[in-house]
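Here is the structure we will look at, set down as structure tokens.
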Amino acid sequence: MKANLSSIEVTYLVKELQELVGAKVEKIFQTDKPKEDFLFSLHVPSSGKRYLYVSLPNLLCLTSFKPSFPQVPPAFCASLRRKITNAKITAINQVGFERIIQIDFTTKNGPSQLIIELLPPGNIVLILPEEENKIIAVLHAKIWSDERKILPNKTYTFPPSQLDPRTLSLEDFTKLVNQSDKDSVVKTLAIETSLGGLFAKEVLFESNVEQTIKPNEISKDQTKLIFDSLQALFTKEISATIVDGDALAFPLHSFACGEKKDSFNDAIATIALSSLETQEVKEQNKSSKEELSKVQKVIKAQSSTLQNLEKTQEEKRKKGELIYANYNDINNLLHDILDLRKTHTWAEIKHHFQDHPLNVKIDEKQGTITVELDE
Numbered sequence: 016m017k018a019n020l021s022s023i024e025v026t027y028l029v030k031e032l033q034e035l036v037g038a039k040v041e042k043i044f045q046t047d048k049p050k051e052d053f054l055f056s057l058h059v060p061s062s063g064k065r066y067l068y069v070s071l072p073n074l075l076c077l078t079s080f081k082p083s084f085p086q087v088p089p090a091f092c093a094s095l096r097r098k099i100t101n102a103k104i105t106a107i108n109q110v111g112f113e114r115i116i117q118i119d120f121t122t123k124n125g126p127s128q129l130i131i132e133l134l135p136p137g138n139i140v141l142i143l144p145e146e147e148n149k150i151i152a153v154l155h156a157k158i159w160s161d162e163r164k165i166l167p168n169k170t171y172t173f174p175p176s177q178l179d180p181r182t183l184s185l186e187d188f189t190k191l192v193n194q195s196d197k198d199s200v201v202k203t204l205a206i207e208t209s210l211g212g213l214f215a216k217e218v219l220f221e222s223n224v225e226q227t228i229k230p231n232e233i234s235k236d237q238t239k240l241i242f243d244s245l246q247a248l249f250t251k252e253i254s255a256t257i258v259d260g261d262a263l264a265f266p267l268h269s270f271a272c273g274e275k276k277d278s279f280n281d282a283i284a285t286i287a288l289s290s291l292e293t294q295e296v297k298e299q300n301k302s303s304k305e306e307l308s309k310v311q312k313v314i315k316a317q318s319s320t321l322q323n324l325e326k327t328q329e330e331k332r333k334k335g336e337l338i339y340a341n342y343n344d345i346n347n348l349l350h351d352i353l354d355l356r357k358t359h360t361w362a363e364i365k366h367h368f369q370d371h372p373l374n375v376k377i378d379e380k381q382g383t384i385t386v387e388l389d390e
């Protein structure tokens, strides 16, 4: 997937995100630096749990897959948790034709807005709209100019805006083309209407106008065709696909037919999160294998211990049976030794029993008597 979402892709993304209006924020997660990924766990009344995944400054998408995130949040994430957990989403909008998404909330302390800037270097800012857009949480504090200071307790101002081609009249568009200093109409569309090269080429294909023609050589009829195709670009029906590793909100003539997806969000999530999902599955499998190996080692050790216990038990059982079978001889031997001990030394007693059939061994120091019994 290409590095960043374009403005028009954000437009179609936001259309699909309208299903989140009414959702409640359950929890927020953030990765550790240097990668800045966020996950907003949401409860949507109509569909249950959903996750809004944000990877600054590249992309944003809705997904049902939950990537692994640290349970202990960084300071900014902890601040967001305190301020908008249990907040209800009331609106989601694209700011102009910018790569900026604004999410409105109602909280127990009143309304707030989360500004997600998907243009480099990327930023997330929480503001209070009823207090002159006062900044109450900011991921990256920075002074851009005297007029734009993204700092805590300051007033949030948006970056300088670009032209929104959706608001152009035919007259405005004609003037823009005629006054363009670009060497081709495709560059005029790509740069001056903020479409980017991919969608500028699509507009010209739909208009049947050569990409390389100079802006000042375009006829009035061609200008009208281009304008109509440009405006039609914003009202396409979403029919998401994945082609050559790229997510498309609708089919483009410059791309072959691809893998159909249920939504544009789903297409983006498939590309953006598939590698994460694959990696997590591998890690889970590795962890499972390691855990299985540990269990197998424990079972092997326990099996060995059990075998030793069974062997010991069998040996003692046989000894018990031998003792029982020779009980009278052993009992008589013990009585004889006790009687002799009254009048004889240990040396004399040992000598007395040296030819005994039980092969008697006496250790007076240890206090033991050993005999050999035939099985």
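With my numbering, you'll find the sequence shown wraps up at 390, consecutive numbering, no jumps. Ideal Cβ placement from N, Cα and C applies to all residues, glycine included.
The alpha carbon of I158 has as its nearest neighbour, out of N124, T105, E146, Y171, the alpha carbon of Y171. The C-alpha of E325 is placed about 24 angstroms away from the C-alpha of N341. Approximately 5 angstroms separates the beta-carbon atoms of W361 and E379; this is inside 8 angstroms, confirming the contact.
The distance from the Cβ of Q226 to that of V201 is about 4 angstroms, consistent with a contact at the 8 angstroms cut-off.
In the DSSP annotation of this structure, the continuous segment of the alpha helix (DSSP H) that includes R356 starts and ends at 342-356.
Taking a contact to require three or more Cβ pairs closer than 8 angstroms, the stretch 43-51 and the stretch 78-95 qualify as touching. Annotation: the continuous alpha helix (DSSP H) that includes S22 extends over 22-32. Annotation: F80 to E207 spans about 38 angstroms, alpha carbon to alpha carbon. By a beta-carbon distance limit of 8 angstroms, L74 contacts I283. Their separation comes to about 6 angstroms. As the crow flies, the alpha-carbon of A271 is around 43 angstroms from that of I99.
Counting along the chain, the unbroken beta strand (DSSP E) around V69 starts and ends at 63-70. If you check the CB distance, P72 and P136 come in under 8 angstroms.
Only exposed fits D259, as fewer than 16 other CB atoms lie within 10 angstroms of its CB. Residue pairing for G125: DSSP places it in a beta bridge opposite T122. Taking a cut-off of 8 angstroms for Cβ pairs, the stretch 209-225 and the stretch 238-255 touch, as three or more such pairs fall below it. Inclusion of N101 and V40 in the CB contact set at 8 angstroms is warranted, their separation being smaller than that value. Per the DSSP secondary-structure output, T227 pairs with nothing in a beta bridge. Apart from the 5 residues on each side of it in sequence, K276 sits with its Cβ closer than 7 angstroms to the Cβ of A255, T256, I257, A282, T285 in its chain, given in chain order. Put simply, the backbone Cα of A262 is about 37 angstroms away from that of E162. Between I142 and V153, the alpha-carbon positions lie close to 9 angstroms from each other.
The alpha carbon of E31 has as its nearest neighbour, out of D52, S56, L67, the alpha carbon of L67. Proximity to E147 across G63, K312, F173, E252 peaks at F173, based on C-alpha coordinates.
Ranking S127, T105, I131, D119 by CA distance to the CA of E113 puts I131 first. Exposure of S269 is indicated by the presence of fewer than 16 other C-beta atoms within 10 angstroms of its C-beta. About 5 angstroms separates the CB atoms of P230 and T203; that is less than 8 angstroms, so the two are in contact.
Contact check for L355 against I364 passes: the beta carbons are separated by less than 8 angstroms. In the three-state reduction of the DSSP assignment, C76 falls in the strand class. Contact annotation: I345 and I352 have beta-carbon atoms that are not nearer than 8 angstroms. Taken through DSSP and simplified to helix, strand or coil, F55 comes out as strand.
Burial state of S62 is exposed, judged by a 10 Å Cβ sphere holding fewer than 16 other Cβ atoms.
Nearest neighbour of K103 by Cα position, chosen from P180, A287, I314, S127, turns out to be S127. L185 and T121 have their C-alpha atoms spaced approximately 40 angstroms apart. In the structure shown, D389 falls within a coil segment according to DSSP collapsed to helix, strand and coil. Put simply, the backbone Cα of L210 is about 56 angstroms away from that of K309.
Across the structure, A264 and A106 are spaced so that their CA atoms are roughly 22 angstroms apart.
In the three-state reduction of the DSSP assignment, T250 falls in the helix class.
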